[in-house]
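Down below is the structure, laid out as structure tokens.
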Amino acid sequence: MRKTLVGIYERLLKVYGQLHWWPAKSPFEVIVGAILTQNTAWSNVEKAIRNLEVAQALSPAMLVDLPLAEVERLIQPSGYFRQKAQRLRIFARHLMERHGGSLVRLLDGPLDDVRKELLELKGIGPETADSILLYAAHFPTFVVDAYTVRIFSRLGILDGKEKYGEVRDLFLAHLPHDSFLFNEYHALIVEHGKTCCRKKKPLCNACSLSDICFYYGHPG
DNA sequence: GCCCAGGTGGGTA
DNA sequence: TACCCACATGGG
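Residues 37 to 256 in our numbering are what the first sequence lists, from first letter to last.
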């Protein structure tokens, strides 16, 4: 299994190159992006983050102090803006009240402890928590997303019905716990899904990754 | 107009 | 536990 997982990684790396995620200017921006991108295209998230930046609202203090309606207005392009404004506020308030607004303090501790603390916040589920742990704090955790399940289901490694934790455990069990590897692996999976496996973009018909493309036109 | 996107939480059986 | 549904915008 390890050989298979490493093999897929190496093929993706060869096609797309190192991606150096997360596309953000700071760890706090990583976290805001991780919440805003829930079930949402990244292009929409970029608009929302830009709005927050221009309004100088990209900080825990501002996200707590601004009227909620103003946060909603700023992040509106990212969709689900009422839910997400609430989720940003919950995270920001937790950070301010429990850690004096310091991300370093929040993220300082054993992976499992920090992960548990994040998961207790409404609006942060397992994928968002792992994204924060990996991309804002460089903990060696694996981020599982919809693309991961689809790609590895197509290979027959998953059947698509596994719970989040089961898929994560598969990667953690068979790969070295290396935050650089996990960073690139998840980024490559998303890049592959976005550029190759979308409907109306059947690039895999011509590329070397057609066997791990879940484009609907491919059998299986 | 229709489909989908880097999920999560709440409700019901 | 296992489904089902609401949440919302913008690009193809």
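Ideal Cβ placement from N, Cα and C applies to all residues, glycine included.
Owing to the predicted nature of the structure, the values given are computational and were not obtained by experimental measurement.
| query | result |
| --- | --- |
| Inter-residue CB distance, Leu124 and Leu99 (contact presumed, cutoff 8 Å) | 5 Å |
| Spatial distance of Ala121 from Val180 (CA atoms) | 24 Å |
| Terminal residues of the alpha helix (DSSP H) in which Thr164 lies | 162–171 |
| Three-state secondary structure (DSSP) of His213 | coil |
| Cβ contact (3+ pairs, closer than 8 Å) linking the segment 104–114 and the segment 140–154 | no |
| Contact set for Leu208: own chain, Cβ-Cβ below 8 Å, skip 5 residues either direction | Thr177, Phe178 |
| Buried/exposed call for Ser62, threshold 16 Cβ in 10 Å | exposed |
| At least three beta-carbon pairs within less than 8 Å, the segment 162–173 to the segment 51–66 | yes |
| For Val140, three-class secondary structure by DSSP | helix |
| Burial state of Thr164, where buried means 16 or more other Cβ atoms lie within 10 Å | buried |
| Classification of Leu104 by the beta-carbon crowding that lies within 10 angstroms, buried from 16 upward | exposed |
| Reduced DSSP category for Ile193 - H, G, I as helix; E, B as strand; rest coil | coil |
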